[in-house]
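Worksheet: the structure to be examined is printed underneath.
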Amino acid sequence: MFTRSLRRAPPGVRRLASLPRALSTLTSSDIEHFLTFLPSNQVQASLSPGSTPQDELASYNTDWMGKYIGGSRCVLRPRTTEEVSRIVRHCYERGLGVVPQGGNTGLVGGGVPKGADEVVINLGLMNQIRGFNASSGVLTADAGCVLQTLNTFLTTKGHVMPLDLGAKGSCQIGGNVSTNAGGLRMVRYGSLHANVLGLEVVMPDGRVVHGLRGLRKDNTGYHLHHLFIGAEGTLGVVTGVSLLTPPLSPSVNLALLRLPDYASVLAVFGQLRSKLGEILSAVEYFDHTAWAVVNGDGEAGKEVERQVFGADDVPPGVNLIIETSGSVREHDEAKLSLLLEELLEGPHVLTGSLAQDETQLARMWELREGIAEACGKAGKVYKYDVSVPIQEWENVLETLRARAEEKSGGLIERVVGFGHIGDGNLHINVVCSRYDKQIEQLLEPFMFELVASKKGSISAEHGLGVQKAKYIHYSKTPLEIELMRTIKNAFDPKGIMNPGKVVLPVGAGVDN
Ligand SMILES: Cc1cc2nc3c(=O)[nH]c(=O)nc-3n(C[C@H](O)[C@H](O)[C@H](O)COP(=O)(O)OP(=O)(O)OC[C@H]3O[C@@H](n4cnc5c(N)ncnc54)[C@H](O)[C@@H]3O)c2cc1C
274 MFTRSLRRAP
284 PGVRRLASLP
294 RALSTLTSSD
304 IEHFLTFLPS
314 NQVQASLSPG
324 STPQDELASY
334 NTDWMGKYIG
344 GSRCVLRPRT
354 TEEVSRIVRH
364 CYERGLGVVP
374 QGGNTGLVGG
384 GVPKGADEVV
394 INLGLMNQIR
404 GFNASSGVLT
414 ADAGCVLQTL
424 NTFLTTKGHV
434 MPLDLGAKGS
444 CQIGGNVSTN
454 AGGLRMVRYG
464 SLHANVLGLE
474 VVMPDGRVVH
484 GLRGLRKDNT
494 GYHLHHLFIG
504 AEGTLGVVTG
514 VSLLTPPLSP
524 SVNLALLRLP
534 DYASVLAVFG
544 QLRSKLGEIL
554 SAVEYFDHTA
564 WAVVNGDGEA
574 GKEVERQVFG
584 ADDVPPGVNL
594 IIETSGSVRE
604 HDEAKLSLLL
614 EELLEGPHVL
624 TGSLAQDETQ
634 LARMWELREG
644 IAEACGKAGK
654 VYKYDVSVPI
664 QEWENVLETL
674 RARAEEKSGG
684 LIERVVGFGH
694 IGDGNLHINV
704 VCSRYDKQIE
714 QLLEPFMFEL
724 VASKKGSISA
734 EHGLGVQKAK
744 YIHYSKTPLE
754 IELMRTIKNA
764 FDPKGIMNPG
774 KVVLPVGAGV
784 DN
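When you read off a place in the sequence shown, starting at 1, and then add 273, the result is the number in my numbering.
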């Protein structure tokens, strides 16, 4: 019955199947109830008395990659915490599944509903900044505020968000917290566990945890808000966030280096750490396949090399983007220039370029931040976001490339490697002509076994969502999984929150 209103899924696309847990069927009376306290423009339902055609719910039912397709018939867009609370309380009483959704830029299918009876709560209209304390740097905002909007606001106050990622124009701070997003600045400011000071959360029974305290120190018992950071909407709906924002650095420098091989990356990274120390704010790696997918193969890619490096015939190799942020321009520039000169004289750097103004700085970042989007344009993408020791990155990539070459019969077109080298977080985008069961079976669980054999994590920053829920045992012990289930059951005894994601109930088909 869940698939009755759905379009046929293209081959390899995951039509999300419902869980065996006994959740209720959404009915017209539920929509009628929502309409008693929500204006009709905040209720988008294809089920009567809603009047939104199912097709118009497609953007809420489809993930950023077009890989996961759900079939929810009801999307609610609350403006206040009270409205979220009333929605969730009703769903709890009725036993309806609830899927919290932010900017829907997640890459593991976590924000996509699994079945036609799940209610999507999209936080996009909860987009008010609640306050900013200039002396402490504590920002308090609705969960639906877009990351870039918050950063723009903070810039006017002389501060900056402690995280930055390619999806910043769409992802929301509530989604960032719920996925414990990492991104480009983590090497400098640490994870959201370090920066989020408090949360306001609607629990699965509709009660509200008012935890927006904004204190840096508070050791009065369990640090509950940490449980919601990275919970991917399985424990409650985050409606408000308090977080610590660092001061904006007046001096930001960006350099792009072309290195001959991966061994050089390791050598240079060590020098960056020791010689740039406190001003190092990002170190991003991308290989030549990533360069080619963004800038074009052949002559097109070479032309960009000429523009960026100002030289003809730059040899292929691998790339590093290095950002420094500090408070004394002359000091930072002197430190960076000295190091770059040293590196250019040595064997590990072929050529490099230092951004001279804001335009060049933005252009350089595009080369790195555009990789995910360029892969999406090049084909259908299987994404692996893993933590492995940086000494193993090349080995992991080459092992995968060899397997693709040998076994995919040409279906795998590119294996693109890039990542946050400062955090040991490697991203692998496997670009194929189509989503295909045969390719998926070639890649999974092979990739996860490979990562586990290196003592890594199968999800460095994107979470488990639906893609990796059944593979959790590659990164967590049975006892850890049992404890996670205990927490899930204590917070959400009816299992209504984001069903089928992260920790699956025992007997849900795969015994993780
Ligand atoms: C181009 C691109 C680049 C990216 N780069 C990075 C990167 O560098 N680092 C990184 O970590 N990620 C990255 N991502 C992944 C994604 O942007 C992040 O996971 C982001 O934090 C998701 O935020 P969102 O608002 O889009 O959440 P969604 O995709 O809407 O949801 C993600 C998960 O969080 C839950 N959720 C969302 N909002 C709430 C809420 N208010 N309360 C409770 N649960 C909620 C959802 O149920 C779902 O499980 C990238 C994605 C893209 C498309």
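Even glycine gets a Cβ: it sits at the ideal position worked out from N, Cα and C.
Bear in mind that the values here come from a model prediction, so they are computed numbers and not experimental data.
Quiz prompt | Extent of the continuous beta strand (DSSP E) to which Y655 belongs | solution = From DSSP, the beta strand (DSSP E) with Y655 extends over K653 to S660.
Exercise. Using 8 Å as the cut-off, classify the Cβ of K774 as near or not near the heavy atoms of ligand 2, replying yes or no.
Key: Absence of ligand 2 is noted for the structure shown, with ligand 1 being the only ligands found.
Exercise. Reducing DSSP to helix, strand and coil, say where S443 ends up.
Key: The three-state reading of DSSP puts S443 in coil, since its state is none of H, G, I, E or B.
Practice problem: Take the Cβ of L465 as the centre, count every other Cβ of all protein chains shown within 10 Å, and call the residue buried at 16 or more, exposed below. | Solution: Counting C-beta atoms within 10 angstroms of its own C-beta, L465 has 16 or more neighbours from the protein chains shown and is therefore classed as buried.
Quiz item: Can you tell me the Cα-Cα spacing of A414 and P533, whole angstroms?
Solution: Rounded to whole angstroms, the separation of the alpha carbons of P533 and A414 is 45 Å.
Quiz item: When the Cβ atoms of the segment 349-360 are set against those of the segment 375-389, are three or more pairs found closer than 8 Å?
Solution: Not touching, per the Cβ criterion.
Quiz item: With distances taken from CA atoms, which of R403, P312, A440 and A555 is nearest G375?
Solution: Looking at the Cα atoms, A440 is the closest of the given residues.
Quiz item: How would you call Q711, buried or exposed, if buried means at least 16 neighbouring beta carbons within 10 angstroms?
Solution: Around the beta carbon of Q711, fewer than 16 other beta carbons lie within 10 angstroms, which makes this residue exposed.
Quiz item: With DSSP run on the structure shown, which of helix, strand or coil describes L627?
Solution: Per DSSP, reduced to three states, the secondary structure at L627 is strand.
Quiz item: Under a three-way DSSP split, which group does D765 fall into?
Solution: Judged by DSSP in its simplified three-state form, D765 adopts coil rather than helix or strand.
Exercise. Starting from the N-terminal side, write out each stretch of the beta strand (DSSP E) that is 3 residues or longer and does not extend beyond the segment 689-720.
Key: Fully enclosed beta strand (DSSP E) runs of no fewer than 3 residues occupy 698-705 of the segment 689-720, in order along the chain.
Quiz item: On the three-state DSSP scale, how would you describe R531?
Solution: Correct three-state label for R531: strand.
Quiz item: Which of the three DSSP states, helix, strand or coil, is assigned to C418?
Solution: The DSSP-derived three-state label of C418 is coil.
Quiz item: When you compare only the Cα positions, how much space is there between S408 and N449?
Solution: Using only the alpha carbons, I get a separation of about 24 Å.
Quiz item: Are the segment 443-457 and the segment 724-742 touching by the rule of at least three beta carbon pairs closer than 8 Å?
Solution: Short answer: they touch.
Self-check item: Segment contact flag, the segment 556-567 with the segment 585-592, C-beta cutoff 8 Å, min 3 pairs
Solution: The segment 585-592 and the segment 556-567 touch, with three or more beta-carbon pairs separated by less than 8 Å.
Exercise. Quick one: residues in its chain with C-beta nearer than 7 Å to the C-beta of L427, no 5 flanking neighbours on either side, listed in chain order?
Key: The answer, listed in chain order, is L412, V433, M434 and T518.
Exercise. Run the proximity test for S706: is its beta-carbon closer than 8 Å to any non-hydrogen atom belonging to ligand 1?
Key: At a cut-off of 8 Å, the beta-carbon of S706 does not count as near ligand 1: no heavy atom of the ligand is closer than that.
Quiz prompt | Contact test: C444 Cβ vs ligand 1 heavy atom, cutoff 8 Å | solution = Short note on C444: C-beta closer than 8 Å to some heavy atom of ligand 1.
Quiz prompt | Which of helix, strand or coil DSSP assigns to L634 | solution = Looking at L634 - three-state DSSP - the assignment turns out to be helix.
Quiz prompt | Heavy atom of ligand 1 within 8 Å of I735 beta-carbon | solution = Looking at the sequence provided, one finds His at residue 735 rather than Ile. Judged by the Cβ position, H735 qualifies as a neighbour of ligand 1 at the 8 Å threshold, a heavy atom of the ligand being closer than this.
Quiz prompt | According to DSSP, residues forming a beta bridge with P373 | solution = Answer is I394, bridged to P373.
Practice problem: Let me know the secondary structure DSSP gives V567 once reduced to three states. | Solution: Of the three classes helix, strand and coil, the one that applies to V567 here is helix, per DSSP.
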